[in-house]
Each structure stands twice: as structure tokens, then as C-alpha cells.
Amino acid sequence: MIDPRILDMASRQPYPLLFLTISGAHLYGFPSPDSDWDLRGAHLLPLRSVVGLDYARETIETSSIAEGLDVDLVTHDLRKFMRLMLKRNGYVLEQLYSPLVVHSTAAHEELKEIGKGCITRKHSGHYLGFAKTQWGLFAKGEPKRIKPLLYTYRVLLTGIHLMRTGEIEASIIRLLDAYPAPQVSELVVRKREGAEDAVLDHHDLSLHEREIQRLTAALEDAYAQSSLPSEPRGRAALEDMLIRLRMAAGPAQRVPGEAPA
Numbered sequence: 071m072i073d074p075r076i077l078d079m080a081s082r083q084p085y086p087l088l089f090l091t092i093s094g095a096h097l098y099g100f101p102s103p104d105s106d107w108d109l110r111g112a113h114l115l116p117l118r119s120v121v122g123l124d125y126a127r128e129t130i131e132t133s134s135i136a137e138g139l140d141v142d143l144v145t146h147d148l149r150k151f152m153r154l155m156l157k158r159n160g161y162v163l164e165q166l167y168s169p170l171v172v173h174s175t176a177a178h179e180e181l182k183e184i185g186k187g188c189i190t191r192k193h194s195g196h197y198l199g200f201a202k203t204q205w206g207l208f209a210k211g212e213p214k215r216i217k218p219l220l221y222t223y224r225v226l227l228t229g230i231h232l233m234r235t236g237e238i239e240a241s242i243i244r245l246l247d248a249y250p251a252p253q254v255s256e257l258v259v260r261k262r263e264g265a266e267d268a269v270l271d272h273h274d275l276s277l278h279e280r281e282i283q284r285l286t287a288a289l290e291d292a293y294a295q296s297s298l299p300s301e302p303r304g305r306a307a308l309e310d311m312l313i314r315l316r317m318a319a320g321p322a323q324r325v326p327g328e329a330p331a
């Protein structure tokens with residue numbers, strides 16, 4: 071069940087939503103009791119906003135604390151979202167395929183189908199780069215926080231799984247079923263039961279450093295052996311979809327196939 075406060079926030083967005091899903095720690099499988107809720111998705115700007123003289127923001131960002139619920143909501147216009155899909159951007163694919171769905175339409179399902187052709191070997195670079203950044207944050211931080219360490223493990227495992235299977239899997243819980251790692255499972259428990267800024271015992275550092283190095287090498291090897299294409303193959307289909315939806319939105323500015331509010 072989606073919290074009614076989240077549904078209410080989604081219903082008050084200024085443009086019709088194609089989809090809205092839950093991302094962040096709740097998607098990754100290790101929210102702390104005080105973690106905020108990250109909502110991500112795509113909306114459809116009206117035709118006038120993209121062909122007329124007035125500039126419309128492609129990205130809408132809203133932060134709110136309502137009745138104790140801390141929510142961070144970000145959506146992109148469909149054109150921007152599609153352009154991100156055509157890059158090696160793992161974030162938008164994780165948002166698109168998140169199983170934690172707040173709002174969906176027929177266009178969301180179509181976008182997910184086309185998105186399969188946008189998954190490439192080059193997405194390994196996204197996950198290697200993000201893992202390097204998070205490991206750097208963890209290594210420089212004092213005290214050593216569990217959150218960036220868990221993010222490092224999560225993105226490496228997501229990247230390995232993607233290169234080997236072509237599937238987007240952002241939940242570390244599911245990833246650990248396929249790639250067991252007791253030391254990571256322990257971190258997940260500590261993060262879920264503790265605070266957002268929970269810290270690590272220093273005697274664990276060398277173990278985690280060796281494991282991160284091993285998983286980094288495994289991701290590089292998975293990239294080298296991956297059968298995924300080097301370039302996305304969905305550009306034409308995305309463009310056709312964008313033009314069709316933009317033209318069909320009409321004066322009511324609804325996403326075609328979406329029920330009236």
C-alpha cells in the first residue's frame with residue numbers, strides 16, 4: 071500500500087504524470103526509520119510549452135514534510151527523460167523499472183518496453199563511476215558511515231547483474247539472493263534498524279576494502295564479457311512515442327490512456 075500522503079502529493083503535480091515511482095533507499099532495500107521518500111518520474115508538458123515562446127521548466131522538483139513524512143519528488147518532461155534514457159544513465163532506468171509504483175499509465179508500460187533497447191554495455195561506466203564516488207565519500211568520512219558503503223556495494227552488484235543478465239535490479243535484498251555476501255547483509259540490517267547516519271566499526275574496514283576491490287574487478291570483467299549492445303537501439307521508437315503523445319494530449323492536457331482525475 072502506498073502511503074496516502076504520497077498519493078496526495080502526486081495528485082497535486084502541475085503537469086500530467088506518465089509515471090511516478092519510489093526510488094532511493096526504499097527501492098534499494100535499506101531505508102532507515104528516518105529516511106526520506108524519493109519519488110521520481112516523468113510528466114508531459116503541454117504542446118504550447120515546447121513549441122511556443124514561453125520557456126517551461128523541464129524538471130519539476132518538490133520537497134515537502136507532511137504529517138511527519140519527508141518527501142523529495144523530482145519529475146522530468148518526457149523529452150528530457152527520454153534523452154537521459156539514451157545516455158548511460160542508470161538512475162532513470164532504475165526509476166522507470168522500479169517495482170514500487172505510485173502512479174502508472176499505458177504510456178509508462180510502453181516506455182518500459184522501448185527502454186529494454188536502451189540498456190547497453192556502457193551502463194557499466196555509470197555504476198563504476200558511482201561506486202568510485204561513494205567509496206571515496208566513505209573512505210574520507212569520519213566517522214565511517216554505513217550509508218555510502220552500502221551504496222557502493224549496491225551499485226556494484228546492480229552493475230554486475232545488469233551486465234550479466236540485461237536486467238535492471240536496484241534492490242540489494244534481491245541482489246544478495248543472487249550474489250550472497252554476509253558482510254553486506256549485516257550492513258543492511260544495521261542500516262534498516264539504525265539512523266540515516268549510522269557508523270561502521272573500524273575493525274571492519276580492511277574486509278570491506280578487499281570486497282569492494284573484488285566486486286569492482288567483477289564488474290569490469292562482466293562488462294568485458296557482456297553480450298549487451300554498445301549503443302541504444304530505441305531512439306526512433308522513443309521519438310515516435312514522444313511526438314504521438316505530445317500531439318494527442320489535447321486541451322485537457324491528459325496523458326492518452328489515463329483516466330480523468
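For the sequence shown, the working numbering assigns the number 71 to the initial residue and increments by one for each residue that follows.
Even for Gly, the Cβ is constructed at its ideal location relative to N, Cα and C.
Proximity of residue i and residue j at Cβ, strictly below 9 Å
i, j, result
"L114", "L315", "yes"
"E164", "T228", "yes"
"A112", "L148", "yes"
"L198", "E290", "yes"
"R158", "H196", "yes"
"T129", "H146", "yes"
"Q253", "D271", "no"
"S194", "I92", "no"
"D108", "G99", "no"
Cut-off 6 Å between Cβ atoms - residues of its own chain near residue i, not counting five sequence neighbours on either side
i, result
"P299", "T190"
"L351", "Because residue 351 is not part of the residues shown, which for the chain are 71 to 331, the question remains open."
"V171", "T91"
"S296", "R191 and M233"
Per-residue DSSP class, three states only, for residue i
i, result
"V162", "helix"
"T228", "helix"
"D140", "strand"
"L109", "strand"
"D274", "helix"
Cβ-based neighbour list, residue i, same chain, cut-off 7 Å, excluding 5 preceding and 5 following
i, result
"W205", "T222 and I282"
"S255", "L246"
Give, in chain order, every unbroken run of the beta strand (DSSP E) that is at least 3 residues long and sits entirely within the segment 72-104.
87-93
Three-pair Cβ contact test at 8 Å for the segment 192-211 versus the segment 104-120:
no
So does the segment 129-142 actually touch the segment 300-310, counting three or more Cβ pairs closer than 8 Å?
Flag = no, the segment 129-142 and the segment 300-310 do not touch.
Give a yes or no on contact between the segment 177-196 and the segment 124-134, applying the rule of three or more CB pairs nearer than 8 Å.
no
Can you find at least 3 beta carbon pairs, one from the segment 216-227 and one from the segment 256-273, that sit closer than 8 Å?
yes
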